[in-house]
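Here is the structure we will look at.
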Amino acid sequence: MGLLPATTGPVGDRLLPVAIIDIGSNSVRLVTYDALTRAPTPIYNEKMLCGLGRNVLTTGRLNEEAVRRALSALTRFRILCRTMGVTRLHVLATAAARDAENGPAFLEAAEAACGTRIELLSGRREAELSALGVISGFHAPDGVVGDLGGGSLELVDVRGQVVGQGVTMPLGGLALQDLSGGSLKKAAKLVREHMRKAAPQLEILKGRTFYAVGGTWRALARLHMAARQYPLHVMHGYTVEPSDELSFLQVVEQSDAAQLQDVDVISEARRPLLAYGAVVLEEIIRVGRPREIAISASGVREGLLYEQLDRDQRAGDPLLTSAAELNALRARAPAHGEDLRAWTDRFVESLDGPETADERRLRHAACLLSDLGWRAHPDYRGEQSIALIQNAAFVGVDHPGRAYLALAVAFRHVGVAPERANPVLRAMAGPRLFERARLLGALLRVAFPLSAAMGGVLGTTPLAVVDGRVTLQLPPELRDLNSERLQGRVRALARLLSLDGRVIAG
Numbered sequence: 001m002g003l004l005p006a007t008t009g010p011v012g013d014r015l016l017p018v019a020i021i022d023i024g025s026n027s028v029r030l031v032t033y034d035a036l037t038r039a040p041t042p043i044y045n046e047k048m049l050c051g052l053g054r055n056v057l058t059t060g061r062l063n064e065e066a067v068r069r070a071l072s073a074l075t076r077f078r079i080l081c082r083t084m085g086v087t088r089l090h091v092l093a094t095a096a097a098r099d100a101e102n103g104p105a106f107l108e109a110a111e112a113a114c115g116t117r118i119e120l121l122s123g124r125r126e127a128e129l130s131a132l133g134v135i136s137g138f139h140a141p142d143g144v145v146g147d148l149g150g151g152s153l154e155l156v157d158v159r160g161q162v163v164g165q166g167v168t169m170p171l172g173g174l175a176l177q178d179l180s181g182g183s184l185k186k187a188a189k190l191v192r193e194h195m196r197k198a199a200p201q202l203e204i205l206k207g208r209t210f211y212a213v214g215g216t217w218r219a220l221a222r223l224h225m226a227a228r229q230y231p232l233h234v235m236h237g238y239t240v241e242p243s244d245e246l247s248f249l250q251v252v253e254q255s256d257a258a259q260l261q262d263v264d265v266i267s268e269a270r271r272p273l274l275a276y277g278a279v280v281l282e283e284i285i286r287v288g289r290p291r292e293i294a295i296s297a298s299g300v301r302e303g304l305l306y307e308q309l310d311r312d313q314r315a316g317d318p319l320l321t322s323a324a325e326l327n328a329l330r331a332r333a334p335a336h337g338e339d340l341r342a343w344t345d346r347f348v349e350s351l352d353g354p355e356t357a358d359e360r361r362l363r364h365a366a367c368l369l370s371d372l373g374w375r376a377h378p379d380y381r382g383e384q385s386i387a388l389i390q391n392a393a394f395v396g397v398d399h400p401g402r403a404y405l406a407l408a409v410a411f412r413h414v415g416v417a418p419e420r421a422n423p424v425l426r427a428m429a430g431p432r433l434f435e436r437a438r439l440l441g442a443l444l445r446v447a448f449p450l451s452a453a454m455g456g457v458l459g460t461t462p463l464a465v466v467d468g469r470v471t472l473q474l475p476p477e478l479r480d481l482n483s484e485r486l487q488g489r490v491r492a493l494a495r496l497l498s499l500d501g502r503v504i505a506g
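When we follow full-length UniProt numbering, the leftmost residue of the sequence shown carries the number 1, and every step to the right adds one.
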């Protein structure tokens, strides 16, 4: 849809980026991704708050100043895409352009500005892409996706990779502000009326996850993090208990936005919409009674990219894909990360205790990430690994899982004594994942002195629980690797399991 033919592969050492421009009711945004993959990484992100949807429902027209700002942004984005060597540009338009009588004229001018055809999304199509975005960004999602824009709200059911029937309602922040004449009381009444019509989508939400998509809800989540002094600033995968969220939303509705804690991190143009977003989310929680609210940074744009993948690519695990890409970019020998997956598989299979499927995928991801910090000074490799992993642009992992990944790799560098753990990450991971991170950290501390972080070694040095003892076997050609240091690390691993440890050499 513009520029060059799409491609998914590298050219030399360079990936071919793809870009999406999203012409929304509140903002016009450009996001460029490194390539069309299962876990695309944003390499450039810029938005302009134009307010195209402001007063559309009462005047029937797009505001002239908003149109001017939007066309200016599109012209700028076209130049940026050319500068970045974008191979394919997709441009999407949503509720404002769909509902306004001068929408067709605007779209014609917008296509001239950005140099490519614009896809005008229907409400149903927008709901479908939002659902695909959540599927692309969460591991085995199960719940209802709610995408709140400036002009509309889309609700759609997701179960794994299956997208249900969607519904769209004029409950976006700008639309509510317009229809209610600025009265939150009237806005709440409008929301209740429309939610009654969406009863089928909300009835199936009970006891499941509500996936909140959209800039206003992300802004509310950012304020919620600040109010709760939450230690991690990654938005994707942030989850909230409904009872806690209800009390917070009521504070937002009853307060002047300027007085909210840390509101300065929210753009001034978005602040007036916070209360309207709170009203909508509060009604969804009251009627739908979800188990939790999860914030999604993946939405329509990511859904469009996911839709273009083939069946095998869609079936891939986004976390493992991201971890493999980081392993390829940063590890001394990327093959070593793959060796670690198989080597630790054998050890875990020899244990009596079960490992869940999700714990297995987290362990595999940590193996792929285990050598990220090697370029740092030895005294700071643990800290460097934590900083990289806890803030990485991963999807397909929740915050406890992210804490596990950071802890496991940090333990490899600093040792597995509990007091060495980052206390914030320890609390976030929870008791079970914390102990699993210590176990993997101890395994990594055995593996690296054997392999020197190089591939092709670990397969010849099996480690397993044999006859009630943790046993490392060295082949004859590697028996001289047996040292006090290696024996000490095997014994430290065994102590975590209340077992003895030994090295059998030659």
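No residue lacks a Cβ here, since even glycine has one placed at the ideal position from N, Cα and C.
- CA-CA distance, Val465 to Lys47, rounds to 55 Å.
- Judged by DSSP in its simplified three-state form, Tyr230 adopts coil rather than helix or strand.
- When the beta-carbon positions are compared, Leu305 and Pro40 come within less than 8 Å of each other.
- For the pair Gln254 and Tyr276, the Cα-to-Cα distance works out to about 11 Å.
- In the three-state reduction of the DSSP assignment, Tyr276 falls in the helix class, which pools H, G and I.
- CA-CA distance, Asp99 to Ala387, rounds to 45 Å.
- Relative to Gly501, the option among Arg479, His364, Ala95, Val470 whose CA is nearest is Val470.
- If the five residues before and after Ser25 are omitted, its C-beta is found closer than 7 Å to the C-beta atoms of Leu52, Gly53, Thr94, Ala95, Ala96, Gly149, Gly150, Gly151, Gly172, Leu174, all from its own chain and listed in chain order.
- Scanning its chain for C-beta atoms nearer than 6 Å, with the 5 sequence neighbours on each side dropped, one finds around Leu176 the residues Ala187, Tyr276, in chain order.
- Judged by DSSP in its simplified three-state form, Val240 adopts strand.
- Counting the other Cβ atoms within 10 Å of the Cβ of Asp352 gives fewer than 16, which makes it exposed.
- Here Arg375 carries a coil assignment [DSSP, helix/strand/coil].
- Residue burial is scored here from C-beta neighbours: Pro418 has fewer than 16 other C-beta atoms within 10 angstroms and is therefore classed as exposed.
- The Cβ atoms of Glu292 and Val234 lie no closer than 8 Å to each other.
- Here the alpha carbons of Arg360 and Leu184 stand approximately 47 Å from one another.
- Shown here, His139 sits in coil according to DSSP, grouped into three states, outside any helix or strand.
- For Thr58, no beta strand (DSSP E) encloses it; the enclosing alpha helix (DSSP H) starts and ends at 56 to 59.
- For Glu283, the secondary structure class from DSSP, reduced to helix, strand or coil, is helix.
- Secondary structure of Lys206 (DSSP, three-state): coil.
- The beta-carbon distance between Ala198 and Leu155, rounded to whole angstroms, is 6 Å. This is short enough to meet the 8 Å contact definition.
- Out of Tyr238, Tyr211, Gly441, the CA that lies nearest to the CA of His224 is found in Tyr238.
- For Ile389, no beta strand (DSSP E) encloses it; the enclosing alpha helix (DSSP H) starts and ends at 381 to 390.
- Cβ neighbours of Ser370 within its own chain (closer than 7 Å, five residues either side excluded): Gly337, Leu340, Val409, Arg412, Leu444.
- With respect to Pro462, Gly506 sits apart: the two C-beta atoms are not nearer than 8 Å.
- Counting only residues of its own chain and dropping the five nearest sequence neighbours on each side, Ala278 has a CB closer than 6 Å to the CB of Leu249, Val252, Glu253.
- The Cβ atoms of Gly288 and Leu202 sit closer than 8 Å to each other.
- One thing to note: Val446 has its Cβ within 8 Å of the Cβ of Val490.
- For Val31, the three-state secondary structure derived from DSSP is strand.
- Within the stretch 86 to 171, the runs of beta strand (DSSP E) that reach at least 3 residues and sit entirely inside it are, in chain order, 88 to 93, 118 to 120, 142 to 148, 153 to 159, 162 to 169.
- If you look at Asp467, you'll find it isn't in any beta strand (DSSP E); DSSP assigns it neither H nor E.
- Distance from Ala365 to Pro400 at the Cβ level is roughly 13 Å; contact not present, criterion being Cβ atoms closer than 8 Å.
- An exposed status is given to Ala105, since fewer than 16 other beta-carbon atoms sit within 10 Å of its beta-carbon.
- C-alpha of Ser247 to C-alpha of Val280: approximately 14 Å in a straight line.
- A Cβ-Cβ separation of about 18 Å leaves Ala342 out of contact with Gly441 under the 8 Å criterion.
- Listed in chain order, the non-local C-beta contacts of Leu368 below 6 Å within the same chain comprise Ala323, Ala324, Asn327, Gly337, local neighbours out to five positions each way being set aside.
- Inclusion of Leu30 and Leu80 in the CB contact set at 8 Å is warranted, their separation being smaller than that value.
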